[in-house]
DNA sequence: CGTCTATTTGAATGTACTCAAAAGCGGTGG
DNA sequence: CCACCGCTTTTGAGTACATTCAAATAGACG
């Protein structure tokens with residue numbers, strides 16, 4: 581199955597609308613396949629995030645570096661997600677974030693201008709966008725809720741329940757940063773969790 | 581200026597599209613004015629959030645009660661925001677949140693089904709929704725970033741800078757909960773801030 | 001096998017929390 | 001108009017949880 585077939589499946593499933601051959605030709609004409617090797621950067625702090633990329637294969641992290649030089653992971657991304665700093669992407673402002681491939685990445689990427697011009701006329705694409713934005717808003721709200729009112733241990737349990745695949749795919753120090761914890765604290769939480 | 585005029589101004593400004601008299605008639609026909617007194621609930625935990633309400637006047641808080649009986653404020657809302665638990669609203673599932681008026685509220689409310697049927701054909705409304713969802717996603721991402729990687733003091737400074745109106749309108753114990761802090765800690769942070 | 005990185009463990013520190021109580025403030029009724 | 005009541009905010013003391021720093025162990029990769 582080609583990269584585009586993966587994408588066609590995804591959009592049809594999410595939108596509930598079948599794509600015509602014409603639709604598919606529009607996508608193949610404008611979505612640009614791109615490969616990144618592990619540790620390569622999709623976006624660097626200070627640059628404008630011109631593209632959003634659909635992840636066909638691989639994984640990435642979006643992180644910020646604070647004044648003390650500590651990295652904080654805001655987002656971990658896997659297959660079937662769109663990769664971008666959306667603030668920078670929509671507003672075309674310099675990004676405060678870095679996006680780095682954690683595994684070799686295969687993307688289908690496109691600019692917002694191209695989306696507006698070529699993809700927005702396709703109903704399945706518009707419907708897909710709706711669903712994505714809804715899911716994204718809900719997921720963020722839940723994570724925010726967890727960050728504000730849960731203890732470190734509850735946040736970890738939440739991750740184990742809701743995103744078990746993260747533990748398969750990402751090293752623990754990345755998970756720790758994603759949860760807003762030091763690696764040592766996560767290690768101790770996991771040790772305790774074994775007992776119960 | 582009537583409640584609807586406030587809304588018409590808002591939607592025209594956000595969408596960049598003028599409303600026709602026909603458009604306005606659709607809105608007045610389907611957006612239902614609703615008043616809530618201070619301390620009344622717009623939504624109770626366990627209920628489905630059937631309506632979203634445009635806030636013409638007043639303020640509200642969205643909060644969760646944990647097992648220990650502690651309240652955690654997820655969102656503080658003022659004029660020109662839409663009030664709802666969007667997870668419950670879109671999926672029609674029971675909500676985990678309560679939404680309570682902190683000041684007398686004047687709303688224009690509507691169900692998602694009505695939006696789909698009557699409002700979605702109006703281009704200005706669709707454009708407005710786009711902008712709102714984008715802003716909401718960006719704001720949530722920034723807050724998440726702050727919650728994960730900022731200290732309590734940095735989060736407070738952030739609020740002072742980005743949402744100074746919150747300090748005018750909400751009591752400090754609400755602000756504390758919104759920042760994920762105990763009221764005592766916020767009090768001490770503010771005392772320290774005076775020195776510098 | 002050796003090097004580099006990730007993970008775990010230990011000890012000391014720090015930040016924010018809890019509990020308790022005092023002070024401040026606003027509204028209400030006498 | 002003032003006294004009282006309820007609620008918010010502040011202050012103090014002790015505690016808990018997570019962090020930092022340092023070092024040891026374990027794993028992955030060439």
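Chains as they are written, first to last, in our numbering: chain X, 581 to 776; chain G, 581 to 776.
We put the beta carbon where it would ideally sit given N, CA and C, even for glycine.
- Beyond the five residues adjoining it in sequence on each side, residue 583 of chain G comes within less than 7 Å, by CB distance, of 613, 636, 686 and 688 in the same chain, given in chain order.
- Residue pairing by DSSP places residue 714 of chain X in no beta bridge whatsoever.
- Closest by C-alpha distance to residue 616 of chain G, out of G/603, G/599, G/638 and G/733, is G/638.
- Your pair residue 622 of chain G and residue 682 of chain G does not check out as a contact, with CB atoms roughly 11 Å apart and the cut at 8 Å.
- Counting only Cβ-Cβ distances below 7 Å, residue 610 of chain X has no contacts in chain G at all, with the closest Cβ about 20 Å away.
- Pairing residue 757 of chain G with residue 651 of chain G gives a Cβ-Cβ distance under 8 Å.
- For residue 637 of chain X, the three-state secondary structure derived from DSSP is strand.
- Contact check between the segment 694 to 707 of chain G and the segment 648 to 664 of chain G: fewer than three CB pairs, one atom from each, fall below 8 Å, which does not count as touching.
- By the Cβ test, the segment 639 to 650 of chain G is in contact with the segment 668 to 684 of chain G, since at least three Cβ pairs between them sit closer than 8 Å.
- Taking the Cα positions, residue 589 of chain G is about 12 Å away from residue 708 of chain G.
- Taking C-beta separations shorter than 7 Å and ignoring five residues to either side along the sequence, the partners of residue 692 of chain G in its chain run 669 and 670, following chain order.
- Interface annotation for the segment 698 to 718 of chain X against chain G: 713, 714, 716, 717 and 718, criterion Cβ-Cβ distance under 7 Å.
- Using beta-carbon distances, residue 747 of chain X does not count as an interface residue toward chain G, since no partner is under 8 Å.
- Residue 718 of chain X places its beta carbon 8 Å or farther from that of residue 632 of chain X.
- In this structure, the beta-carbon distance from residue 724 of chain G to residue 739 of chain G does not fall below 8 Å.
- Judged by DSSP secondary structure, residue 689 of chain G falls within the beta strand (DSSP E) whose first and last residues are 685 to 691.
- For residue 670 of chain G, the chain X residues whose C-beta falls within less than 8 Å of its own C-beta are 714 and 718, listed in chain order.
- Assigned with DSSP and collapsed to three states, residue 648 of chain G falls in coil, not helix or strand.
- For residue 588 of chain G, the enclosing alpha helix (DSSP H) starts and ends at 583 to 595.
- A Cβ of chain G is located within less than 8 Å of the beta carbon of residue 724 of chain X.
- Here residue 662 of chain X has 632, 633, 634, 635 and 712 as same chain residues with Cβ atoms under 8 Å from its own Cβ, once five neighbours each way along the sequence are excluded.
- The C-beta separation of residue 733 of chain G from residue 769 of chain G comes to about 5 Å, placing the pair in contact by the 8 Å criterion.
- Residues of the segment 726 to 760 of chain G whose Cβ lies closer than 7 Å to any Cβ of chain X, in chain order: 727, 728, 729 and 760.
- In the displayed model, residue 739 of chain G falls within a helix according to three-state DSSP.
- Residue pairing from DSSP places residue 628 of chain G in a beta bridge opposite G/674.
- For the segment 666 to 692 of chain X, the set of positions with a beta-carbon nearer than 9 Å to some beta-carbon of chain G reads 666, 667, 670, 671, 676 and 677 in chain order.
- The contact set of residue 646 of chain G on chain X, defined by CB atoms closer than 9 Å, consists of 729 and 730 in chain order.
- Below the 9 Å Cβ cutoff, chain X contributes 721, 724, 725, 728 and 729 as neighbours of residue 654 of chain G, in chain order.
- Nearest to residue 647 of chain X by alpha-carbon distance, out of G/627, G/764, G/729 and G/592, is G/729.
- Here the alpha carbons of residue 659 of chain X and residue 746 of chain X stand approximately 12 Å from one another.
- Residue 750 of chain G sits in coil when the DSSP states are folded into three classes, being neither helix nor strand.
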